[in-house]
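Reviewing the structure listed below.
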């Protein structure tokens with residue numbers, strides 16, 4: 001990028017130099033035209049000068065003639081005086097000659113004046129000629145300098161063009177190289193993703209195999225253990241027997257130490273992997289409080305228990321983990337904890353829905369499909385799926401009921417809090433709720449003290465603790481944690497709320513519902529942790545009870561099948577009976593409004609003029 005920026009900067013500088021040289025060349029052209037005008041004026045002045053020189057020569061000749069006539073005039077006067085006594089015939093001639101001579105004298109005087117003026121003009125013209133010659137020499141010098149400068153600029157401009165072409169070629173080459181690097185990076189990213197998927201699959205297979213090996217070792221090791229020899233009398237034992245026993249004990253100690261070192265290394269490696277996964281989960285989850293992944297913690301404890309001791313019990317069941325009691329597995333007993341083996345798969349059409357959250361898949365995306373039971377889920381849903389791969393639905397329900405039985409005990413959480421009820425906002429990335437969840441309590445928009453209580457499966461808020469303990473009145477807010485849709489957020493917003501100090505922002509708990517937002521301000525951080533733990537237990541109970549395999553979309557009865565490419569991204573449906581006995585299914589999807597005759601089992605047809613239907617509302 002720095003090289004491209006440098007090339008762009010040099011190209012802009014060369015462009016500025018080109019514009020400047022273009023302006024200077026225009027200026028030189030104007031000066032050249034002025035110089036040509038001066039040359040034409042100089043030629044005209046030279047021609048005028050030659051004409052004036054001819055006139056001067058003619059006037060000089062006339063002046064000489066007039067001077068000669070002026071010199072001859074006294075002789076004529078003397079002749080007139082001498083010839084006075086002559087006859088009168090010469091008087092007329094004399095008078096005519098005198099008049100003629102006088103006229104010539106006047107003309108000569110006038111011509112002398114003209115000659116003086118012409119001489120002055122000639123001198124002026126000579127001075128003008130010298131000045132014009134000097135200016136012409138200066139103009140020639142300037143023209144020569146401009147020609148030299150123009151040639152230099154042309155050479156520089158040619159070099160600039162050559163450099164610009166070179167930089168353009170380099171820029172094209174760098175762009176091609178950049179495209180190649182992007183393509184290689186994309187291929188490398190795809191390889192990385194595929195290798196990560198393969199690595200996850202290999203780790204899952206390795207984990208299963210390690211568990212199987214540990215289980216088989218726990219079964220086979222007691223059978224392969226050597227029986228203790230009978231003690232022999234000390235008097236019959238020899239020195240060689242003592243030496244052999246010492247050597248065997250020494251070898252056994254070495255083997256045990258080596259096995260201990262290997263187990264320590266495995267334990268450290270698994271601890272590092274667990275720490276990295278926990279850090280990644282903290283980074284990905286941002287502000288939402290993570291749900292407790294009971295199965296992963298159980299598997300981690302099982303793997304640690306298997307590596308630390310092979311003679312004791314291998315793992316804990318899900319129910320004993322919840323109740324807190326340890327019980328050993330007997331050989332051959334099924335653990336009912338069968339994880340799914342996920343495979344990443346690319347889909348181009350929205351053919352089905354996630355079997356955990358029941359939301360549709362977008363077009364052209366990656367989904368995760370189990371290799372064994374063909375369960376299809378989102379990437380973010382696969383962590384929360386129960387480990388019941390391959391189990392029948394009745395067995396899986398029995399397993400979940402056994403687990404939920406430990407959580408359905410009488411758990412009660414009470415305490416004073418400050419409560420604020422606000423209208424729900426839908427920021428970007430917020431959780432979507434359906435409109436079927438009823439909310440009956442009002443919006444307060446003011447902080448109020450309340451006695452909160454989590455009892456059985458409901459969250460209640462009372463005005464005083466006596467009302468809650470003596471059951472004298474109903475709560476002013478009642479939330480069913482199992483049926484109503486809600487989400488818990490550990491941190492609300494970076495901006496301080498009205499009536500809450502900045503130091504108390506860390507003690508806020510936010511409950512988001514379809515059209516309400518509840519803010520609970522606890523007195524201490526320890527109280528907040530207890531409330532969060534209680535709400536998380538309610539969340540886990542709802543997930544494990546409501547998301548059991550028997551309630552998924554796999555076991556539902558098929559009503560309508562849409563083949564590719566007529567599959568739809570359905571948002572809402574409505575059952576409509578008709579007068580003629582037919583029943584129609586109205587489908588609102590991203591692609592538009594569709595209708596299908598259920599009794600005739602035909603393909604849905606689109607109703608023209610309506611696009612992107614999100615919900616129905618009938619009067």
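Residue numbers (the UniProt record's numbering): 1 to 619.
Virtual Cβ for every residue (Gly too), placed ideally from N, Cα, C.
Kindly list the residues whose CB is nearer than 8 Å to the CB of residue i, restricted to its own chain and excluding five residues on each side of it in sequence; keep chain order.
i, result
"residue 134", "none"
"residue 205", "341"
"residue 373", "340, 389 and 390"
"residue 571", "588, 589, 590, 613, 614 and 615"
Residue i: buried (16+ other C-beta within 10 angstroms of its C-beta) or exposed?
i, result
"residue 519", "buried"
"residue 66", "buried"
"residue 609", "exposed"
"residue 588", "buried"
"residue 109", "exposed"
"residue 34", "exposed"
"residue 195", "exposed"
"residue 211", "buried"
"residue 528", "buried"
"residue 362", "exposed"
"residue 516", "buried"
Sorry if obvious, but does the Cβ on residue i come closer than 6 Å to a heavy atom of the ligand ADP?
i, result
"residue 181", "No copy of the ligand ADP appears in this structure; indeed no ligand is present at all."
Between residue i and residue j, what straight-line distance do the alpha-carbon atoms span, to the nearest angstrom?
i, j, result
"residue 436", "residue 598", "Note that residue 436 has pLDDT 40, beneath the 50 cutoff, so the model's placement of it is unreliable and the number below is only indicative. Roughly 25 Å between the two C-alpha positions."
"residue 202", "residue 353", "27 Å"
"residue 125", "residue 140", "21 Å"
"residue 121", "residue 61", "18 Å"
"residue 613", "residue 181", "43 Å"
"residue 68", "residue 111", "14 Å"
"residue 28", "residue 7", "31 Å"
"residue 607", "residue 539", "41 Å"
"residue 291", "residue 536", "Legend: pLDDT at residue 291 = 31, less than 50; position of this residue unreliable, no value from coordinates given."
"residue 158", "residue 170", "18 Å"
"residue 148", "residue 41", "26 Å"
"residue 389", "residue 375", "9 Å"
"residue 262", "residue 381", "35 Å"
"residue 183", "residue 4", "19 Å"
"residue 152", "residue 168", "24 Å"
"residue 473", "residue 208", "55 Å"
"residue 317", "residue 267", "Low local confidence applies: a pLDDT of 33 at residue 317 is under 50, so the model's placement there is unreliable, with the coordinate-based value given in what follows. Rounded to the nearest angstrom, the two C-alpha atoms are 21 Å apart."
"residue 275", "residue 269", "10 Å"
"residue 132", "residue 43", "11 Å"
Ordered along the chain, which non-local residues of its own chain (more than five positions away) have a Cβ less than 6 Å from that of residue i?
i, result
"residue 479", "459"
"residue 371", "341 and 343"
"residue 366", "344 and 346"
"residue 583", "577, 598 and 599"
"residue 104", "69"
"residue 186", "none"
"residue 213", "none"
May I ask you to report which of helix, strand or coil DSSP gives residue i?
i, result
"residue 452", "strand"
"residue 26", "helix"
"residue 464", "coil"
"residue 592", "strand"
"residue 14", "helix"
"residue 418", "strand"
"residue 122", "helix"
"residue 515", "coil"
"residue 610", "coil"
"residue 447", "coil"
"residue 618", "coil"
"residue 620", "The first residue shown for the chain is 1 and the last is 619, placing residue 620 beyond what the model contains."
"residue 481", "coil"
"residue 586", "strand"
"residue 509", "strand"
"residue 599", "coil"
"residue 569", "coil"
Give every residue of the same chain whose Cβ lies closer than 7 Å to the Cβ of residue i, excluding the five residues on either side of it in the sequence, and list them in chain order.
i, result
"residue 17", "160"
"residue 417", "450, 452, 520, 521 and 522"
"residue 56", "118 and 122"
"residue 568", "562, 587, 589, 591 and 594"
"residue 605", "594 and 595"
"residue 602", "596"
Please decide whether residue i counts as near chain D, where near means a Cβ-Cβ distance under 7 Å.
i, result
"residue 182", "The structure shown contains no chain D; it is built from a single protein chain."
Segments of 3+ residues assigned as beta strand (DSSP E) that fall wholly inside the UniProt domain "Phorbol-ester/DAG-type" (339-389): 342-347 and 365-370
Inside the stretch 161-212 only - beta strand (DSSP E) runs reaching at least 3 residues: none
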